[in-house]
Every structure is written in C-alpha cells, then in structure tokens.
Amino acid sequence: MRDRVSRLGYAAYERLLRRELSGTPSHVAVIQDGNRRYARKQGEETTEGYTEGAQTTEALLDWCDELGIEEVTLYAFSTENFDRPEEQQEHLFDLIESKLRTFADADRVHDAEVCIRAIGETELLPDRVRDAIDYAEARTAQYDRLNLNVALAYGGRAELLGAARDIAAEVDAGELAPGDVGPETVEDRLYDGPTRDVDLIVRTGGDERTSNFLPWHANGNEAATFFCTPYWPEFRKVDFLRAIRTYENREASWRATRARRALALVRSLGRAEVPQARQVLRRFRDALPSGERDDIDIDEEYETAD
Numbered sequence: 070m071r072d073r074v075s076r077l078g079y080a081a082y083e084r085l086l087r088r089e090l091s092g093t094p095s096h097v098a099v100i101q102d103g104n105r106r107y108a109r110k111q112g113e114e115t116t117e118g119y120t121e122g123a124q125t126t127e128a129l130l131d132w133c134d135e136l137g138i139e140e141v142t143l144y145a146f147s148t149e150n151f152d153r154p155e156e157q158q159e160h161l162f163d164l165i166e167s168k169l170r171t172f173a174d175a176d177r178v179h180d181a182e183v184c185i186r187a188i189g190e191t192e193l194l195p196d197r198v199r200d201a202i203d204y205a206e207a208r209t210a211q212y213d214r215l216n217l218n219v220a221l222a223y224g225g226r227a228e229l230l231g232a233a234r235d236i237a238a239e240v241d242a243g244e245l246a247p248g249d250v251g252p253e254t255v256e257d258r259l260y261d262g263p264t265r266d267v268d269l270i271v272r273t274g275g276d277e278r279t280s281n282f283l284p285w286h287a288n289g290n291e292a293a294t295f296f297c298t299p300y301w302p303e304f305r306k307v308d309f310l311r312a313i314r315t316y317e318n319r320e321a322s323w324r325a326t327r328a329r330r331a332l333a334l335v336r337s338l339g340r341a342e343v344p345q346a347r348q349v350l351r352r353f354r355d356a357l358p359s360g361e362r363d364d365i366d367i368d369e370e371y372e373t374a375d
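Numbering (the numbering used here), first residue to last: 70 to 375.
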C-alpha cells in the first residue's frame with residue numbers, strides 16, 4: 070500500500086512539474102557523479118555503480134527526446150579518470166564500448182534520430198573504445214534531431230590549451246594575423262562538438278562545482294547550473310524536470326533584469342524620439358513580471374511629449 074501511494078505521489082509531482090514548464094533548454098550538459106559512492110552505499114562492488122548509472126543515462130536520453138531538447142553532452146570519462154585504479158578504468162572502458170555499440174544499433178536511437186559524437190583526447194583511449202566511437206559515429210552521422218556528445222578523455226583546460234597552441238602556431242607561421250583572432254577562431258579549434266552553447270549544467274552526487282567541464286561553451290554562455298544530492302544511478306525524471314525548472318526561473322530572472330536596465334536607459338534618453346521610445350519601452354516592459362508591468366503606463370509617461 071505504501072509503495073502504491075508513493076508511486077501515485079511521484080506521478081502527481083511529475084505532472085505538476087511538467088505543467089510548470091513553458092519551454093526547455095536547447096543544450097543540457099550532465100556531470101554523472103556519484104556512481105562509486107552509490108555502489109558503496111548499496112554494499113556492491115564499485116564497478117556495479119557504473120553499470121547501474123549507465124541505465125540512468127539511457128533513461129536520460131528518453132527524457133530529452135520527449136522534452137524536445139536538441140543537444141546533450143555527457144561527462145563520461147575525464148582526463149583525471151586515468152589516475153583511477155586500472156581495474157576501474159578497464160570496467161569503464163568495457164562499459165563505454167558496450168554502450169556505444171548498443172546505442173548505435175538501438176531502434177529508439179534511430180527513431181529519435183540521435184547523432185552520436187565523442188569529444189576529447191580520444192587518441193588516449195584503448196583501441197577497442199576508439200573502434201566503438203567510430204562505429205557509433207558512422208551509424209548515426211546522418212541524424213541531427215538530437216545531438217549526443219560523449220565526453221571521453223575530456224578536460225576543459227586541455228581543450229582550451231590545445232586551441233591556444235594551434236592559434237599561436239598559425240600566427241607564428243604567418244598563416245593567421247593576430248588581429249584576425251576572435252571567438253570564431255577559437256571555436257574552430259576546439260574539439261569537434263558541441264554544436265551550440267550550453268544552457269544548463271546538471272551535476273548529481275552533491276558536489277557544487279562544474280569540474281573543468283565545457284568552459285568555453287558553458288562558462289562563456291553563463292549557463293544555468295543545477296546541483297542535486299542523488300547519486301547518478303538514483304537520478305529520476307522529476308530531478309531532471311526540477312533542473313529544467315531552475316533553468317527557466319533563472320532565464321526569467323535574467324530577462325527581467327535586462328528589461329529593468331533597458332527601461333532605465335530609455336527613460337534617461339529623454340523624449341526626443343517619442344514614437345521610438347514608446348516602442349522600445351513597450352517591448353522591455355513585456356519582459357517584466359506582471360506586477361511591475363502593471364505599474365508602467367507608457368501613454369502616461371509620454372502624454373506631455375506628443
């Protein structure tokens with residue numbers, strides 16, 4: 070009976086969260102933390118945590134497809150993971166290889182038109198993992214509805230350092246003028262993907278840090294962050310919906326802040342161009358919360374200037 074009540078409560082909460090959402094981020098990046106701690110809590114071998122976490126990853130892709138999210142980047146194996154015991158590394162490599170091949174052949178991946186790509190220093194990975202990457206990328210290269218980036222042997226500092234070295238070499242060789250170096254120059258020399266900036270970073274496991282993950286695409290875009298306590302194998306759909314709600318609330322707050330600044334600027338310009346000022350004022354007023362919108366009467370503000 071208690072389990073049934075719990076399931077009903079969970080379903081009701083999920084429906085409530087869905088109703089509260091008016092949109093979704095285009096690109097979500099996920100730091101899947103807590104697999105080992107989950108295994109220890111369950112009294113299992115550490116490797117079992119990664120195996121159960123892989124099941125959550127599969128569920129995540131279903132949620133993203135259902136919600137219309139266009140791009141997902143998973144932090145699957147960082148450069149720091151090479152410092153872990155060899156047994157753990159080998160289990161992770163086996164799991165990554167298996168999941169890449171399984172995803173590449175899965176009907177639901179093809180039905181959802183998922184394009185799989187690996188980003189990172191993949192040349193550091195074992196041959197069997199690189200072969201699986203090639204297989205998954207080739208099998209899904211024709212799709213573009215949902216881009217799945219799997220960060221393998223990835224480190225954000227290494228990515229930026231590699232781009233900086235490439236640019237410096239081209240400048241030194243006379244192939245690139247220093248004055249021509251801009252954001253696009255850097256982006257062209259980053260790893261092959263993502264295709265858009267990160268809107269939301271989700272991290273499980275309780276730690277509140279982004280761990281050198283996608284610094285150019287996330288920090289440069291000032292992505293929203295959602296930190297939660299469940300370990301990755303425990304992460305549920307309602308947790309994901311709460312993350313998206315956090316993103317939406319943050320975006321609404323940003324729009325209101327920008328609108329307040331813009332309104333102050335328009336008002337400070339005086340009434341020299343009344344029609345244009347009315348138009349701009351109306352546009353930014355609409356971005357404010359309803360209580361603040363109601364306090365702004367555009368016609369009253371400019372009635373003596375016509």
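No residue lacks a Cβ here, since even glycine has one placed at the ideal position from N, Cα and C. These figures come from a predicted structure and were not determined experimentally.
With distances taken between CB atoms, is the gap from Val219 to Ile188 smaller than 9 Å? A Cβ-Cβ contact shorter than 9 Å links Val219 with Ile188.
Per DSSP, what are the beta-bridge partners of Val141 in this structure? Paired residues: Val97 and Leu217.
With burial defined as no fewer than 16 other Cβ atoms inside 10 Å of the residue's Cβ, what is the status of Ser91: buried or exposed? Ser91 comes out exposed.
First and last residue of the uninterrupted beta strand (DSSP E) at Leu269: Here the beta strand (DSSP E) through Leu269 covers Leu269 to Arg272.
Looking only at its own chain, which residues have a Cβ that is under 6 Å from the Cβ of Arg258, when we skip the five neighbours before and after it? Within the same chain, Arg258 has close Cβ partners Ala232 and Asp235.
Helix or strand or just coil, what does DSSP make of Ala237? The three-state secondary structure of Ala237, taken from DSSP, is helix.
Cβ neighbour criterion (16 or more within 10 Å) applied to Phe304: With 16 or more Cβ atoms within 10 Å of its Cβ, Phe304 is classed as buried.
By the 10 Å Cβ neighbour count, where 16 or more other Cβ atoms means buried, how is Phe151 classified, buried or exposed? Exposed, since its Cβ has fewer than 16 Cβ neighbours within 10 Å.
Under 8 Å: do the segment 90 to 108 and the segment 132 to 149 share three or more Cβ pairs, one atom per stretch? Enough Cβ pairs lie closer than 8 Å, so yes.
How long is the line joining the alpha carbons of Leu86 and Glu206, rounded to whole angstroms? Approximately 34 Å between the Cα atoms of the pair.
Using the Cα positions of Pro307 and Glu83, report the straight-line distance between them to the nearest angstrom. The displayed chain sequence assigns Val, not Pro, to residue 307. Looking at the two C-alpha atoms, the distance is approximately 6 Å.
Reduced DSSP secondary structure (H/G/I, E/B, other) of Thr298: In this structure, Thr298 counts as coil in the three-state DSSP scheme.
Taking Arg106 as part of the alpha helix (DSSP H), name the residues at either end of that continuous run. In the DSSP assignment, Arg106 falls within the unbroken alpha helix (DSSP H) covering Asn104 to Gln111.
Any contact between the segment 198 to 217 and the segment 240 to 255? By contact I mean 3 or more CB pairs, one from each, below 8 Å. No contact exists between the segment 198 to 217 and the segment 240 to 255.
In chain order, which beta strand (DSSP E) runs of at least 3 residues are fully inside the segment 171 to 218? The segment 171 to 218 contains these whole beta strand (DSSP E) runs: 183 to 188.
Provide the residue span of the alpha helix (DSSP H) that contains Glu256, from first to last. First-last of the alpha helix (DSSP H) with Glu256: Pro252 to Glu256.
Using DSSP with H/G/I as helix, E/B as strand and the rest coil, what is Ala222? Strand, per DSSP.
Which whole-angstrom value is the C-beta distance of Ala181 and Arg214, which I expect to be below 8 Å? Going by Cβ atoms, the distance from Ala181 to Arg214 rounds to 6 Å, so yes, they are a contact pair.
In the structure shown, what three-state DSSP assignment does Ser280 receive? Ser280: coil per DSSP, three-state reduction.
For the alpha helix (DSSP H) containing Glu376, name the first residue and the last one. Since the first and last residues shown for the chain are 70 and 375, residue 376 lies out of range.
Indicate the three-state DSSP secondary structure (helix, strand or coil) for Phe146 in the structure shown. Looking at Phe146 - three-state DSSP - the assignment turns out to be strand.
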